[in-house]
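Participant: Residue numbers (my numbering): 300 to 896.
My structure is below; once you've seen it, I'll send some questions.
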Amino acid sequence: MKERTLNRMFLNRIADGGDAVRYLVPRGGGYSPFTYRQAGEAAREIALGLMAAGLSRGDRVAILSGTRLEWCLVDVGGILGGFVTVPIYPSNLPDQVEYILAHSRARVVFVEDELQHNKVAGGLRKLPALSLIVWMTGDPEGKTGTTSLDALRARGREFGAANPLALDARAEEIRPEDDLTIIYTSGTTGPPKGVVTRHSNYAFVVTSALEAVEVPRGSTFLQFLPLAHSLGRLEHFLTFDAMAVSAFARSLLTVAEDLGTVRPEIMVSVPRLYEKFYARVLSKVEEDGGLKKAVFQWALGVGREASRRRQRGEEVGGVLAWKNAVADRLVFRKIRERMGGRLRFFISGGAPLAREIAEFLHALGVLILEGYGLTETSTVTTVNRLARYKFGTVGKALPGADIRIAPDGEILVRGPHIFREYFNDPAATREAIDAEGWLHTGDIGVLDAEGFLRITDRKKDILVTSGGKNIAPQNVENLLKNDRCVSQAFVYGDRRKYLTALITLSPEEIVAWAAQKRLAERDVEALARHPEVEKLIRGIVEEVNRGLASFEQVKKFVVLGKDFSQETGELTPTLKVRRKVVVEKYGGLLDALYEKD
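What follows is the structure, encoded as C-alpha cells:
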C-alpha cells in the first residue's frame, strides 16, 4: 500500500480494478461476482448519503451485522466519507449494543435486519446522539428515524448530482492522523474498551503485512470471520489493497462446504476452525479403521518427516521425496481436495494455535502461518513467513515494528501501528502505553535468537499455586483439546495446591465414539455422566500429564454436559473463553474438587 490513508487506497484500487471481480456473493446455490466498479459506486453513494443526512467528518457510524457484502460496502463508504466506523458483533445482547452506541456517541447505525434493529430500538431514549438507523437488508416500513440502504444510496445519488465535487473535497481533507475506526474489545474481564486507531496505523499494517506475506493479485480468500473483529477487518483491508477476491461464506456452519465450492487459495481464521478440521480428519480415520487407518498413519509419518525437513530449510529429496509423493497421491491430496484443492496457505490469529495442529496440517501439505497482534496493534505485530516459519511461534515482527520482553516476561510492542487511545478513557490509555511509547500487551512470551516470538499465556491468566509455582493454563488446555473428543478445557488452580479442569465434549465426536463403543446412550449430557466417558477423559488427562511437570498436571476434573458458547456467555464472539464468567458460573463445581483436601 503506497497510500497513507485508507480512503485514498480504496479510491485508487477501485479505479484500477474496474470490472475485475472484488467480491463473490452467495446467491441461491452458487456465487455471483461483484466488481470493483460496483463496489466503488455503492460506497460513494453511501458516503454521499451520510453527508446528505448531515454527518460531518469524524462522526461515528456504527455497523451491527454479520459478515456480508453490505457490511464491507458500508465500511468503505464510511471511510470514503471521512467518518469513523464502529463495528458491533451481531451476537451482542441489547444492553451491550446500547453501551457501544452510547459510549461512542454514534450518529448513525447500520443494522442487518429487524432482529438487530430491535436491539437498538429498545434503548433509543438513552441514545441522544443517534439520528438515523439504516436497514442493510429488508424494508423498515415507515419506522420512525429509520431508512433502508437502498433509500440512503438514492439520497446519496441526489446529493452527489447537486454537489458533484463533495466527495473529492472530502478526500482531500482526510489526513493520515485522522481516526479511522473504534473497535470495542470483547471484554473478557470487564466492560469493553473502545480502541481508536488511525488511518496511518492501518496503512502501516496493510503495507507491512503484504510485504511479509505475499498475496498475488486475483487470489481468492474465503471470508467468514466477524468483521467486527480486527482480524476479519484487516483481512478485508488487505484483500482490497492486494486486489484479491473475497468470497463470503454462507455461514459459519457451512465453511467446510464453502471451501469446496469457492476453492480459495488463502484463508484466514481463528484456531477453532483448524481444531475442528483436525478432529474431523482423525475421526474419519478412526471410523474407517483397518487398512485405511494403517495407510493414513504410514502417510502421516512420512508427511511429518518431510515437514520437519522443510521447517529446517532442507530439501525433501531421495527416498523421502518418493515416499511423500506416494503418501500425497494415496491420502493427502484427497483431504486437500475437500478444501477446494487450491489452498496455498492458511493464516491463523486471534488466539494461540496448538503446535500439533500446525504440524499435522503441514504434514498433509497445508501450511499455516500463525501471527500475533491485538486490536491495540491494529491487528497484527508478528507473523510467520512463507519462506521461513517455526511452528509453535507466532513468527517475527513486521518490518518497522519493535518488540521486547519486559523483566517479568510481558511482551512490549512499539511502532507506527500502535493505537491512539482508548476512547474517553485516558487512565486506561496511560496504563497501556508507557512514556517511551511501548504498548504493554498483557501477554507473556519469549523471543528466540532468530527473533521468533512464542506466546506462553496472558499475564492476567497465569496461575500461581499455593506452592508458588507459575503455570500458563493455556498450554495445558491446548494439550487437552488436541484430543478429538474434547471441545473445551478450562484449567483452574490459582492459589490452590494443585490444578483442576472443566472439560466439555465435542458433540459429534463423543456420539461417534459412543457408537463405536456400542454404548446405548447418544445424548451428550447423559454421556458426560457415563462411566465409560469418564474413563476416556481420565485417560486423556493422564496422557497429557505424562508430558508435564508435576506442578502443571491436572489432578482432578469435571466433565460438563454442555459446551461453552457465546449464547451462554462463556465465549467471546471470537471464541475465546471468558475466564471470569466460567469461574463465576462453575465456581461451586470447581470448589468441590478441593473440598476433601
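For each residue, glycine too, the CB sits at the ideal point set by N, CA and C.
Since the model is a prediction, treat every value here as computed from it, not as a measurement.
Counting along the chain, where does the beta strand (DSSP E) carrying tyrosine 671 start and finish?
Facilitator: 667 to 671 is the span of the beta strand (DSSP E), which, as asked, contains tyrosine 671.
Participant: Does DSSP put methionine 350 in a helix, a strand or coil?
Facilitator: helix
Participant: Within 8 Å, do at least three Cβ pairs link the stretch 514 to 534 to the stretch 428 to 435?
Facilitator: no
Participant: Quick one: residues in its chain with C-beta nearer than 8 Å to the C-beta of proline 263, no 5 flanking neighbours on either side, listed in chain order?
Facilitator: Examination of residue 263 is not possible in this model, given that the chain is present from 300 through 896 alone.
Participant: Taking 7 Å as the cut-off, is the C-beta of tryptophan 737 nearer than that to any heavy atom in the ligand ADP?
Facilitator: Ligands in the displayed structure: none, and consequently the ligand ADP is not present.
Participant: Using 8 Å as the threshold, is the C-beta distance between lysine 695 and threonine 681 below it?
Facilitator: yes
Participant: Here's the rule I'm using: 16 or more other beta-carbon atoms within 10 Å means buried, otherwise exposed. How should serine 550 be labelled?
Facilitator: exposed
Participant: At 3 residues or longer, what runs of the beta strand (DSSP E) sit wholly inside the stretch 433 to 486?
Facilitator: Here the runs fully enclosed are 445 to 447 and 478 to 483.
Participant: Give me the residue from Gly531, Arg497 and Asp540 with the minimum Cα distance to valine 514.
Facilitator: Asp540
Participant: Are the beta-carbon atoms belonging to cysteine 784 and leucine 804 less than 8 Å from one another?
Facilitator: yes
Participant: Does DSSP classify methionine 542 as helix, strand or coil?
Facilitator: coil
Participant: Any idea which residues DSSP pairs isoleucine 378 with across the strands?
Facilitator: Per the DSSP secondary-structure output, isoleucine 378 pairs with nothing in a beta bridge.
Participant: Tell me tyrosine 322's beta-bridge partners as DSSP assigns them.
Facilitator: Phe333 and Ser545
Participant: Take threonine 538 as the anchor and find which of Leu509, Ala555, Val554 and Asp557 has the nearest alpha-carbon.
Facilitator: For threonine 538, the nearest C-alpha among the options comes from Leu509.
Participant: Should the stretch 416 to 423 be regarded as contacting the stretch 326 to 336, the criterion being three or more beta carbon pairs within less than 8 Å?
Facilitator: no
Participant: Ignore the nearest five residues each way along the sequence and tell me which others in valine 554's own chain have a CB closer than 6 Å to its CB.
Facilitator: The answer, listed in chain order, is Phe523 and Ala548.
Participant: Helix, strand or coil, according to DSSP, for glutamate 709 in the structure here?
Facilitator: DSSP places glutamate 709 in strand when its eight states are reduced to three.
Participant: Suppose the cutoff is 7 Å on Cβ atoms and the five residues either side in sequence are ignored; what does the same chain contact list for lysine 854 look like?
Facilitator: Counting only residues of its own chain and dropping the five nearest sequence neighbours on each side, lysine 854 has a CB closer than 7 Å to the CB of Tyr797, Leu798 and Thr799.
Participant: Can you give the Cα-Cα distance for aspartate 374 and leucine 738, rounded to whole angstroms?
Facilitator: 27 Å
Participant: Curious, which full-length alpha helix (DSSP H) runs of at least 4 residues does the stretch 796 to 883 contain?
Facilitator: 806 to 815, 823 to 827 and 830 to 844
Participant: DSSP beta-bridge partners for lysine 689?
Facilitator: Note: lysine 689 sits in no beta bridge, so no partner.
Participant: Between the alpha carbons of isoleucine 281 and leucine 652, how many angstroms are there, rounded?
Facilitator: With the chain covering only 300 through 896, there is no way to say anything about residue 281.
Participant: Rounding to the nearest angstrom, what Cα-Cα distance links arginine 452 and isoleucine 345 in this structure?
Facilitator: Answer to the nearest angstrom: the Cα atoms are 5 Å apart.
Participant: Keeping to the same chain, check which residues put their C-beta closer than 6 Å to that of alanine 341; ignore five residues upstream and five downstream.
Facilitator: Leu372
Participant: Below 8 Å CB to CB, which residues in the same chain sit around arginine 757 once its five sequence neighbours on both sides are set aside?
Facilitator: Gly741, Asp742, Ile743 and Gln773
Participant: Is proline 772 helix, strand or coil by DSSP?
Facilitator: helix
Participant: How many angstroms separate the CA atom of leucine 762 from the CA atom of glutamine 852?
Facilitator: 13 Å
Participant: Between the alpha carbons of threonine 384 and histidine 498, how many angstroms are there, rounded?
Facilitator: Whole-angstrom Cα-Cα distance: 12 Å.
Participant: For threonine 764 and glutamate 604, I'd like the C-alpha separation in whole angstroms.
Facilitator: 39 Å
Participant: Would you tell me roughly how many angstroms separate the C-alpha atoms of leucine 847 and glutamate 585, rounded to the nearest one?
Facilitator: The alpha-carbon separation between leucine 847 and glutamate 585 amounts to approximately 27 Å.
Participant: Grouping DSSP H, G and I as helix and E and B as strand, with all else coil, what is glutamate 636?
Facilitator: Of the three classes helix, strand and coil, the one that applies to glutamate 636 here is helix, per DSSP.
Participant: Is the beta carbon of isoleucine 378 closer than 8 Å to that of leucine 466?
Facilitator: no
Participant: Cα separation between tyrosine 791 and lysine 759?
Facilitator: Taking the straight line joining both Cα atoms gives about 13 Å.
Participant: With DSSP as the reference, please indicate the residues paired to glycine 744 in a beta bridge.
Facilitator: Ile754
Participant: With a Cβ-Cβ cutoff of 8 Å, do proline 475 and threonine 728 count as a contact?
Facilitator: no
Participant: Would you verify that the beta carbon of phenylalanine 789 is, or is not, closer than 8 Å to some beta carbon of chain D?
Facilitator: Protein chain content of the structure displayed is limited to a single chain, and chain D is not contained in it.
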